[in-house]
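Below is one structure, written out as structure tokens; comments come after it.
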Amino acid sequence: MHIEKNMFENIFNIVMNVKGKTTDNIKARLDVALFCYRKNMELICDGSQVAKPRASFVLEKNSQLLVYKWLKSLSFPDGHASNISRLVNTEECRLYGMKSHDCHVFMQTLIPLAFCDLLPKGIWDALTEISHFFRDICSSKLNVDHIERLEKNIVETVCKLEMIFPPSFFDSMEHQLEHLLFEVKVGGSVQYKWMYPFERSDIT
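The working numbering puts the first residue of the sequence shown at 1, with every later residue one more than the last.
This is the structure we're talking about:
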């Protein structure tokens, strides 16, 4: 639950360039110059001024506004998700009060739809693979062959993310994805271990 929530927040904040929450900041760009060979992401110094060029994984302002307006217009069947539209502030371009289950729905259902045609295909493909990964491990039916296939694919997907995002994007959560599949093998289906049913009940 928490890995999925933190993964969603990292992706959404950096793609939507959420002020104060994105990991694509000045320090991150300095790390890019130090550890990575990505000239298009390095800071541009002009005398006493420093400019941060927009990265390919960051949406333009107009595209960001399109995403927030789309989220504002969404409605879901009863019991599928909370009213996410009430959490959207289109004036400030922010999401407020996202619960774990809201992030769960967004990560597995809305990520591919929200950024389709707005991000370059290679970046969109990598984010869609992450979305499908969480959807697959949350399936009510899993077999060993499928889990082993996911174990190989998630390594490649994380490598793709490392080629797209700056080093600051990655913390322990991004590297826990591979271990989730071992937990599925040992503990069975995820839906019998998460806390969503208890969070939604009225029992205190």
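The C-beta atom is built at its ideal place from N, Cα and C for all residues, glycine as well.
- Query: Does DSSP put L74 in a helix, a strand or coil?
  - Reply: coil
- How would you write the range of the beta strand (DSSP E) that D24 sits in, first residue to last? Where D24 is concerned, there is no enclosing beta strand (DSSP E), given that its DSSP letter is neither H nor E.
- Message: Using DSSP's beta-bridge definition, name the partner residues of C45.
- Response: V50
- G187: first and last residue of the uninterrupted alpha helix (DSSP H) it sits in: L177 to G187
- Query: Do V15 and F57 have their C-beta atoms within less than 8 Å of each other?
  - Reply: yes
- Query: Under the three-state reduction of DSSP, which class applies to L119: helix, strand or coil?
  - Reply: coil
- Task: Please confirm whether any heavy atom of the ligand GDP lies closer than 7 Å to the CB of K141.
- Result: The model depicted lacks the ligand GDP and carries no ligand whatsoever.
- Task: Return the chain-ordered list of same chain residues with a C-beta closer than 7 Å to the C-beta of S63, the five sequence neighbours on each side being excluded.
- Result: L118
- Message: Using 8 Å as the threshold, is the C-beta distance between N13 and K21 below it?
- Response: yes
- Please classify E174: is it buried, with 16 or more other beta-carbons within 10 angstroms of its beta-carbon, or exposed? buried
- Item | CB of L150 within 8 Å of CB of I137, strictly | yes
- Which residue's Cα is closest to the Cα of S168: M7, T23 and H2? T23
- Message: In chain order, what are the residue ranges of uninterrupted alpha helix (DSSP H) at least 4 long that sit wholly in the region 134-167?
- Response: 144-164
- What three-state label does DSSP hand R38 in the structure shown? coil
- Limits of the unbroken alpha helix (DSSP H) element including H101: S100 to V105
- Just tell me which of K121, N89 and W194 has its CA closest to the CA of S139. W194
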